[in-house]
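Colleague: Heads up: the sequence shown begins at 6 in my numbering, then just goes up one per residue. The structure that follows is given in the form of structure tokens.
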Amino acid sequence: YGIGLSVAKAIVEAHGGEIRAESEKNKWTKIVINLPSGK
Numbered sequence: 006y007g008i009g010l011s012v013a014k015a016i017v018e019a020h021g022g023e024i025r026a027e028s029e030k031n032k033w034t035k036i037v038i039n040l041p042s043g044k
């Protein structure tokens with residue numbers, strides 16, 4: 006991760022969520038963020 010994703014990870018985890026990266030080499034990268042609904 007670059008510094009931006011490190012900051013995003015800290016924020017997401019501070020709110021009880023998770024962040025992950027998925028990719029296909031030389032094609033695409035997707036960043037997935039899941040946060041609790043707060044219900």
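Glycine is no exception: its CB is placed at the ideal position from the N, C-alpha and C atoms.
Can you check which of these residues, Thr-34, Lys-32, Ala-13, is closest to Gly-21 by C-alpha distance?
Modeller: Nearest of Thr-34, Lys-32, Ala-13 to Gly-21, Cα basis: Ala-13.
Colleague: What do you reckon, are the CB atoms on Ile-8 and Val-17 nearer than 8 angstroms?
Modeller: Their beta carbons are not under 8 angstroms apart, which means Ile-8 does not touch Val-17 by this criterion.
Colleague: Starting from Ser-11, trace the alpha helix (DSSP H) both ways and give me its first and last residue.
Modeller: It spans 8-19 - the alpha helix (DSSP H) in which Ser-11 sits, taken as one unbroken run.
Colleague: Going straight from the alpha carbon of Pro-41 to that of Glu-29, what length do you get?
Modeller: Their Cα atoms are separated by approximately 27 angstroms.
Colleague: Between Lys-44, Glu-27, Gly-43, which has its C-alpha nearest Ile-36's C-alpha?
Modeller: That would be Glu-27, whose Cα lies nearest to the Cα of Ile-36.
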